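Quick note on UniProt numbering: the sequence shown kicks off at 1 and runs consecutively.
What follows is one structure encoded as structure tokens, with my remarks underneath.
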Amino acid sequence: MQTYTPPLRDMKFVLTELHDFSRLTTLAAFSEVDADLAETVLEEGGKFTSEVLLPLNVSGDREGCRLENGVVTTPKGFREAYRQFCEGGWSALSAPPEFGGQGLPETIGMMLSEMICATNLSFGLYPGLTGGAMVALRKYGSEELKAQYLPKMISGEWSGSMCLTEAHCGTDLGLLRTKAVPQEDGTYRVSGAKIFISAGEHDLSENIIHLVLARLADAPAGIKGISLFLVPKYLPREDGTPGERNGVLCTGIEHKMGIKASATCQLAFDDAKGWLVGAPHKGMQAMFAMMNAERLGVGIQGLGIAEVSYQSAVAYAKERLQGRSLAGAKYPALPADPIVVHPDVRRMLMTMRVNAEGCRALGAWVAMTLDVAEHGADERQRRDAEDFVALMTPVVKALFTDLGFESANLAVQTYGGHGYIADHEVEQLVRDSRIAMIYEGTNGIQALDLVGRKLPPHMGRNLRGLFHPIAAFIAENKENPLLGEMVAGLERAFGALQLATGQVAERGMKDPEEAGAAATDYLRLIGLVSLAYLWARTVAVAVPKSFAAGPDQAFYSGKIASARFFYDRVLPESASLYLKIKAGKASMMALADDAF
Ligand SMILES: Cc1cc2nc3c(=O)[nH]c(=O)nc-3n(C[C@H](O)[C@H](O)[C@H](O)COP(=O)(O)OP(=O)(O)OC[C@H]3O[C@@H](n4cnc5c(N)ncnc54)[C@H](O)[C@@H]3O)c2cc1C
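Put into structure tokens, the structure is as follows:
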């Protein structure tokens, strides 16, 4: 059974004990926010997600979406849940107040997203896409477009979609064929066929605002000739209500492995009326604003899945009776011990546990820095924050979704055959989480983004926000008795990362295929070292608190146990990653294409 209790205690730890939430509340934009407010919001979010969304997760998977005459119907209960989501103000949580949002930090928004993704990944895609579309519109839309669309999108009355993919063009958007023709009134007519469009058509909101990549007639070939257009399903009337139907139709929905309650649509744009967002031919710049927000959001999907996988597996491992503990019966009154006693089951549970807790700590660090990048007091502070977020966006997307999928897989393994059959509901987690490693740019493409775009600029300036705090922490804590061997472990892994960074940069400059061959392992290495740093800091915070008797003692002891497991059982992978990176491209590229 999918089991989920919102991890509020850990969220509080991450926000206020590991990271410094009060740093955010000193920013003018968040002057009315404090840790108590954050806690209350998350508590309420936890109730909504576990009481409203979780009960619809399995039924939504089994029923799926239906398409009839261009109309998509979401599974039973989704409309009502979406209504409650909007009425509860959840769609407006971290949206800008000038357009009707509540203006809370993105950090809180991301923690809400984690709970949404843990309880109902399919549901989460609908508001998730709206959020991403709003980012592009806010940054690049004209004042008229913003005033007309943002308030309705923030309230959730209207939702958003992101239309990039075409049948022949996935990763390589330069191949895109959808066309836009300028009209005398300043609008455009957009025509073309898009596939795989999440939330492209559904019955949850009264209008759907598509952000569509298309090519103008005079556009240069390739990626530099793409523009971004806003194309509403219904053209808004003067009074802001949805009016005439625009020329966009859902011609099919995909039948897919997971997230079955999320409508993945084929859309035909036929002379649809649209408005340019940003400058002509500069659509990728605007789309990247949306994609970066979505990439972080997809990473959080991995985190949510890791948490629900862990909790579901723990619940089962405590009740399933099989075999006896190797150390002698631990529950002699029972016919067998619960499987939680077995080391191999512990290996799986601890791996899921550190995946979820580690990603939460790292995700919060990135989210808080994103808030500083948006609202920081001075330009230097904002620029430094932007550099760090730019570096970590592909890491969060790829590492978290890899670990989320690994956790879902381990949950099935913990259940044994009962995990593989549908009755226990955990196989859904594997199916649902698999897509997160693919969409928003596959994880391989994230790794190329990291080594190709994020490392090189300004002599590696983006790395500073990560490397400097790690180096300073190691220097300050070498003799710290609370951390024992941990600092040496961190230093070794960090050393491997520094060497790998030098090699990737040096070899990649001479031969881009060398950077490509190292990319996926390098992303994992930088991710593991980031997690190791946060685990060491976690121990520094938790050890003194673990001595005080009280209800939190078990929490802090648990944190220390997680950190030790990470250092003993996960971080050693950094050594093999380094060796793989060092080996270079030779054996990978040795065979001729036709030798496969
Ligand atoms: C359920 C679902 C929902 C989706 N939602 C949306 C959506 O809302 N909007 C939207 O526009 N799209 C959406 N997509 C599309 C998704 O983003 C693409 O599927 C994804 O970007 C990969 O493109 P592709 O499938 O064409 O694979 P391809 O681009 O054909 O890639 C195939 C393989 O080759 C690798 N590859 C390709 N090019 C390179 C390269 N240059 N270097 C190294 N490796 C490379 C890839 O990593 C991958 O492993 C969705 C897809 C699915 C399945």
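Ideal Cβ positions, reconstructed from N, Cα and C, are used throughout, including at glycine.
Being a predicted model, the structure only gives us computed values, none of them experimental.
8 Å contact criterion, which proline 96 and glycine 103 should meet: CB distance rounded: 6 Å
Paired residues, beta bridge with cysteine 169 - DSSP: Glu166
Limits of the beta strand (DSSP E) - the one that glutamate 238 falls within: Careful: glutamate 238 lies outside any beta strand (DSSP E) and carries neither H nor E.
Residue of Val366, Ala518, Asp402 minimising C-alpha distance to aspartate 20: Val366
Exposure of residue 598, with buried meaning 16 or more beta-carbon neighbours within 10 Å: Examination of residue 598 is not possible in this model, given that the chain is present from 1 through 596 alone.
CA-to-CA distance, alanine 536 to valine 212, given in whole angstroms: 44 Å
Start-end ranges of the beta strand (DSSP E) lying completely within the segment 288-366, minimum 3 residues: none
Cβ-heavy atom distance, glutamate 514 to ligand 2, below 8 Å: This structure does not include ligand 2; its bound ligands are ligand 1.
Top-ranked residue by Cα proximity to isoleucine 253, from Val58, Thr73, Ser142: Thr73
Buried versus exposed, by CB contacts within 10 Å (16 or more), glutamate 114: buried
N- and C-terminal bounds of the beta strand (DSSP E) containing asparagine 462: Taken as a continuous stretch (DSSP letters only), asparagine 462 belongs to no beta strand (DSSP E), as it is neither H nor E.
Rounded C-alpha distance that separates arginine 347 from phenylalanine 555: 20 Å
Ligand 1 heavy atom lying under 8 Å from the CB of residue 609: Here the chain covers residues 1 to 596 and nothing more, so residue 609 does not appear.
Contact the segment 319-338 vs the segment 351-369: 3+ CB pairs below 8 Å: no
Any non-hydrogen atom of ligand 1 closer than 8 Å to aspartate 432 Cβ: no
Uninterrupted beta strand (DSSP E) stretches inside the segment 35-104 (no shorter than 3 residues): 66-68, 71-73
Beta-carbon proximity of leucine 528 to alanine 493, cut-off 9 Å: yes
Buried or exposed (CB count within 10 angstroms, at least 16 for buried), glutamate 294: buried
Closest by C-alpha distance to lysine 454, when choosing among Val345, Gly328, Tyr522: Tyr522
Segment contact, 8 Å Cβ cut-off, at least three pairs: the segment 290-306 with the segment 150-159: no
Close beta carbons around phenylalanine 269, own chain, < 6 Å, minus the five adjacent residues each side: Val190, Ser191, Gly192, Val248
Cβ neighbours of lysine 478 in the same chain (closer than 6 Å, five flanking residues each side left out): Val487
Those runs of the beta strand (DSSP E) which lie wholly inside the UniProt domain "Acyl-CoA oxidase/dehydrogenase middle" (161-271) and span at least 3 residues: 179-182, 188-198, 207-216, 227-232, 234-236, 242-245, 248-253
Under 9 Å between C-beta atoms of alanine 136 and leucine 176: no
Sub-9 Å separation of isoleucine 361 and alanine 398 beta-carbons: Residue identity check: residue 361 is alanine in the sequence provided, not isoleucine. It is not a contact, given that the beta carbons lie outside the stated cut-off.
Simplified DSSP assignment, three categories, for valine 277: strand
Residue environment, residue 636, which counts as buried when at least 16 other CB atoms sit within 10 Å: This structure gives no information on residue 636, because the portion of the chain shown stretches from 1 to 596.
Environment of isoleucine 195 [buried if 16+ CB atoms lie within 10 Å]: buried
Of the listed residues Gly109, Trp275, Val33, Ala221, nearest to leucine 145 (C-alpha basis): Trp275
Under the three-state DSSP convention, the category serine 142 falls into: coil
Cβ separation of threonine 40 and proline 6, assumed to be a contact under 8 Å, to the nearest whole Å: 13 Å between Cβ atoms; not a contact.
Rounded straight-line distance, which links the Cα of valine 345 to that of alanine 329: 16 Å
Coarse secondary structure for serine 530, derived from DSSP in three states: helix
Rounded Cβ spacing between leucine 204 and tyrosine 126 (contact assumed at less than 8 Å): 6 Å
Segment limits, alpha helix (DSSP H) that includes histidine 418: 417-420
Nearest to serine 325 (by Cα), restricted to the options Pro343, Tyr310, Lys318: Pro343
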